[in-house]
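One structure is given here, and the rest of the page talks about it.
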Amino acid sequence: MDRTTRGPLRTGRRRDSAGSAGEVLGGDRGPGPAQVASLEGVGYQIIVAYSTFSAGAVFAAVILIAVASTFLYGGLVLIERVLLRWRPRVGKPAV
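Following this note's numbering, the numbering of the sequence shown begins with 1173 at its first residue and continues without gaps.
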């Protein structure tokens, strides 16, 4: 039996038609004009800054997203504490 006919696990060849997960989901190789869903917002600013090699703007946008998500997470924790006050907290004995 030929080595190439034994199967994809032994030869390393791919037998599926898609090259990567991005191609399956409709993309090809990285952000391009056909893949932009909006012409505004922080995500669009990251794509524009990335394509113009503006590293400072990319880092600023990523830090902005990180700070905003931290505040959103904190707000959800507070809402959870108020709405689920009856539930015992993890690590504390129920007295």
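Ideal Cβ positions, reconstructed from N, Cα and C, are used throughout, including at glycine.
Straight across, the Cα-Cα distance linking isoleucine 1218 with valine 1230 is about 5 Å. Bounds of any alpha helix (DSSP H) do not take in arginine 1261, whose DSSP letter is neither H nor E.
Take the alpha-carbon of glycine 1213 and the one of lysine 1264: they are about 42 Å apart. In this structure, DSSP gives glutamate 1212 a state outside helix and strand, which the three-state scheme calls coil. Secondary structure of leucine 1256 (DSSP, three-state): coil.
DSSP, read as helix, strand or coil, puts threonine 1224 in coil.
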